[in-house]
Amino acid sequence: MRSLVMVLPAATMLTLLMASAIVVAEQAKPVAAPAAFNNACRTCHSIKEGDHRIGPSLHRIFGGKAGTRPGFNSSAALKNSGLTWDEKSLDRFIENPEAVAPNNAMKPYAGLPDAAARKQIVDYLKAAAG
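Position 45 of the sequence shown, counting from 1, maps to 37 under this note's numbering, and the rest follow consecutively.
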């Protein structure tokens, strides 16, 4: 009887550890980019840390100050915009960068009028931030 008491808690612990490992593995899976990001952003931006292209990496952009990505020389317009990236500021900027930060370096990108596509992009950037 004594050995059964010792085995039961060990089995329970093993089950909990395995369940925790599954949850961590699920959380570690990369979030697939929606077509909206691939079509409107991916040519110039990546979400990989430090992977600057024509535009800066968007890795963990939420909460960051516009124009301050390490290793990327952003336009004066973004550096001086006073923006902190959140859902609202990203949505407005993706919709019409020139209206949010005049003379930015996003040209020829003029904006994305489709609210649903912008939401997909913002949600993707948020989810990818982990």
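Every residue, glycine too, gets a C-beta built ideally from N, C-alpha and C.
Computed from a predicted model, the values in this text were never measured in an experiment.
Whole-number beta carbon distance between residue j and residue i, since they are thought to touch under 8 Å
{"i": "GLY55", "j": "TRP77", "result": "7 Å"}
{"i": "PRO48", "j": "TYR116", "result": "16 Å between Cβ atoms; not a contact."}
Cβ neighbour criterion (16 or more within 10 Å) applied to residue i
{"i": "GLY59", "result": "buried"}
{"i": "ARG34", "result": "exposed"}
{"i": "ILE46", "result": "exposed"}
{"i": "PRO105", "result": "exposed"}
{"i": "PRO94", "result": "exposed"}
{"i": "ALA119", "result": "exposed"}
{"i": "PRO100", "result": "exposed"}
Paired residues, beta bridge with residue i - DSSP
{"i": "PRO60", "result": "The question names Pro, yet the displayed sequence has Thr at residue 60. For THR60, which the question treats as bridged, DSSP gives no partner whatsoever."}
{"i": "THR76", "result": "LYS57"}
Cβ pair residue i, residue j closer than 8 Å
{"i": "GLU90", "j": "ARG110", "result": "no"}
{"i": "SER67", "j": "LEU75", "result": "no"}
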